[in-house]
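Engineer: Quick note on my numbering: the sequence shown kicks off at 81 and runs consecutively. Note that CB positions come from ideal geometry on N, CA and C, so glycine has one too. I'd like to ask you about the structure that follows.
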Amino acid sequence: MKKKLISTLLAAVMAVSLAACGSDGGTTASSASPDTTAQEGSQTAEAGTEAETTADSENPLRPDTLDTITVVLFGEESPRMQELMEEEFQQVFIDEINTQVELMYLPWTENGAGGKVDLMIASGQEFDACIVDPAWAANSYSKGYLQDLTDVIDTYLPDWHENMDETAFDAYRFGDGVYAIPIGNKPTAGTFNTVCVRKDIMDAIGMTEITSLEDLTEYVEKAYEEYGLYATYELANSEYIIRGASDRNISELTTGLWVDQDTHELINFAESPEFETAVKLYNEWYEKGLIPKDILTNTVTLPFQANMCSIMRGTSGTTKIENEPGLKTIVPEAETIEFYLRPDKPVYKSTYENTAFQVPVTSKKADRVALFVNLLQKNTELADLFAYGVEGTDYELVDGKVSKISTDELFYEWMIYNVNISTPTTAYTDEFMEVYKTWDEGSITSVDFGFSIDYTNIKTEKAQIDSVWDELAKPMLAGLKDYDSNIEELKTALQNAGWDTYVAEIQRQFDEFLANK
């Protein structure tokens with residue numbers, strides 16, 4: 081029965097997949113790279129036999145022999161994900177790209193620079209790919225941890241190039257190379273500039289919109305009084321707070337340094353009126369009991385989804401995809417919505433995509449990783465398979481939308497989702513999808529779009545400033561320390577940490593970036 085199910089699924093998938101590959105006239109590669117081929121002689125006879133059973137694939141990029149890649153993800157592998165990785169998913173990987181995929185899950189607390197992934201690369205531990213964001217990628221590039229993927233991008237991503245936007249690479253360009261492969265194709269205008277709130281709570285307390293810091297304060301006070309929810313577990317430098325704090329259009333570049341979108345001036349955030357407004361707002365919330373006392377030591381990865389707080393930063397209209405599903409497992413009637421504070425202000429697009437796959441310098445299988453990422457974004461059938469599972473078992477199609485039967489997380493839906501190929505779920509109304517698909521319309525490309533900082537010449541200063549910010553600024557931005565009594569100590573500590581050298585180097589790079597635009 082299981083083999084029949086797999087065969088039926090693959091027949092449908094391959095019919096579309098092979099047609100897509102066959103129509104791509106710009107790809108001529110037919111085997112893995114020399115580095116990969118050199119390793120394939122060590123495969124077992126059993127693996128070789130398994131590869132031969134599907135060797136008649138018409139995919140011109142499918143390597144001739146079987147190999148394995150290890151991909152790092154975060155969170156926990158669900159029981160259904162484990163089953164699919166042993167059966168349907170794995171068979172598709174073998175049939176399509178002759179590659180077995182092994183997943184290594186790490187806690188979400190390890191996500192980001194300085195975590196276990198960096199230690200694995202530094203120590204030479206073998207793995208082949210891990211999701212990464214632009215800031216983490218920039219940090220890893222400065223340490224020499226990442227491979228330049230330019231060649232594999234040109235060769236092994238034919239379907240990616242059909243369904244994605246080349247601009248997505250800009251956030252991962254450093255020097256003359258590209259150091260990660262973005263995944264997912266979603267709106268990105270105003271990323272983190274919206275505030276995500278509970279619409280069901282707004283309806284209950286009689287609020288229809290949130291357009292100012294005063295509105296936001298009214299909402300979090302009532303949510304605390306009537307539902308016992310804290311305001312937030314995020315620090316006050318969340319950009320939606322800063323958006324509502326002044327008339328200026330500023331956005332964060334790096335620790336303590338922001339940029340004015342209109343004047344292109346670099347701003348010392350600690351000395352800005354926006355910083356003062358944000359700290360005093362959180363001081364006020366903390367005094368009222370709206371800020372949890374463990375805000376700096378909280379170990380719950382997603383407090384909003386865990387029904388512990390009433391707001392969090394929004395993500396370009398994707399709250400219903402990223403935040404609501406997890407929240408609904410705890411509060412089935414919950415509904416989320418995003419608002420821009422100061423909706424009269426312009427909306428900027430500072431990145432194309434936030435998530436990508438890095439390939440560490442320790443891996444010799446960048447080509448296989450590219451084939452894997454290409455498969456995740458190849459077409460509707462495969463995108464839906466990896467995000468939702470097997471139709472009839474894990475989900476059903478209802479009026480052209482996915483109705484989930486299984487609630488187990490598979491490959492992250494927010495990571496896979498591509499507005500060009502993915503099928504929306506029944507959780508999303510037609511009205512929402514129309515707003516979502518057109519979210520970026522009217523946005524302005526930010527002055528720092530595509531700008532990535534190389535910290536090589538200021539590694540010491542960056543480390544010292546990060547330390548000062550964690551020790552002195554974050555408690556202020558959490559409401560734990562007041563502004564007036566602590567601001568001078570923060571300013572002095574930043575100067576002593578090498579602030580002037582830090583800013584001068586970033587200013588030099590930014591000026592060069594602007595000159596070459």
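For residue 205, does the three-state DSSP call read helix, strand or coil?
Structural biologist: coil
Engineer: In whole angstroms, what separates the C-alpha of residue 273 from that of residue 302?
Structural biologist: 23 Å
Engineer: Three-state secondary structure (DSSP) at residue 320?
Structural biologist: helix
Engineer: Where do the ends of the beta strand (DSSP E) carrying residue 275 lie?
Structural biologist: From DSSP, the beta strand (DSSP E) with residue 275 extends over 274-278.
Engineer: Is it buried or exposed, residue 588, if we count other Cβ atoms within 10 angstroms and call 16 or more buried?
Structural biologist: Exposed, because fewer than 16 other Cβ atoms sit within 10 Å of the Cβ of residue 588.
Engineer: Given that a residue counts as buried once 16 or more other Cβ atoms are within 10 Å of its Cβ, and exposed if not, what is residue 229?
Structural biologist: buried
Engineer: So who's on the other strand from residue 339, going by DSSP bridges?
Structural biologist: Under the DSSP definition of a beta bridge, residue 339 partners with 331 and 346.
Engineer: DSSP has residue 476 in a bridge; who is on the other side?
Structural biologist: 483
Engineer: Measure the alpha-carbon distance for residue 494 versus residue 402 and round it to whole angstroms.
Structural biologist: 6 Å
Engineer: Compare the C-alpha of residue 441 against each of 213, 222 and 399 and name the closest.
Structural biologist: 222
Engineer: Measure the CB-CB distance between residue 381 and residue 188 and report whether it falls below 8 Å.
Structural biologist: Closer than 8 Å, so yes.
Engineer: For the alpha helix (DSSP H) holding residue 407, just list the boundary residues, first then last.
Structural biologist: 404-408
Engineer: Relative to the alpha-carbon of residue 448, which residue among 207, 166 and 197 has its alpha-carbon at the smallest distance?
Structural biologist: Selected option, being the one with the closest Cα: 207.
Engineer: Could you tell me the distance, in whole angstroms, from the CA atom of residue 393 to the CA atom of residue 148?
Structural biologist: Each residue's Cα considered, the two are about 38 Å apart.
Engineer: Could you check where the alpha helix (DSSP H) with residue 540 kicks off and where it finishes?
Structural biologist: 539-548
Engineer: Which residues bound the alpha helix (DSSP H) around residue 567?
Structural biologist: Where residue 567 is concerned, the enclosing alpha helix (DSSP H) stretches over 563-576.
Engineer: Let me make sure I understand the geometry here. Which of 551, 584, 259 and 559 has the alpha-carbon closest to that of residue 569?
Structural biologist: 551
Engineer: Can you give me the Cβ contacts of residue 115 inside the same chain, cut-off strictly under 6 Å, excluding the 5 residues immediately before and after it?
Structural biologist: Note that residue 115 has pLDDT 39, beneath the 50 cutoff, so the model's placement of it is unreliable and the number below is only indicative. Cβ within range, chain order: 444.
Engineer: For residue 467, which of helix, strand or coil comes out of DSSP?
Structural biologist: helix
Engineer: Examine the Cβ distances between the segment 150-160 and the segment 174-189 and report whether three or more of them are shorter than 8 Å.
Structural biologist: yes
Engineer: Any chance the segment 562-578 sits against the segment 535-552, with 3 or more Cβ pairs inside 8 Å?
Structural biologist: yes
Engineer: Mind checking residue 378: buried by the 16 CB within 10 Å criterion, or exposed?
Structural biologist: exposed
Engineer: Thinking C-alpha only, which one of 335, 162 and 312 is nearest residue 383?
Structural biologist: 312
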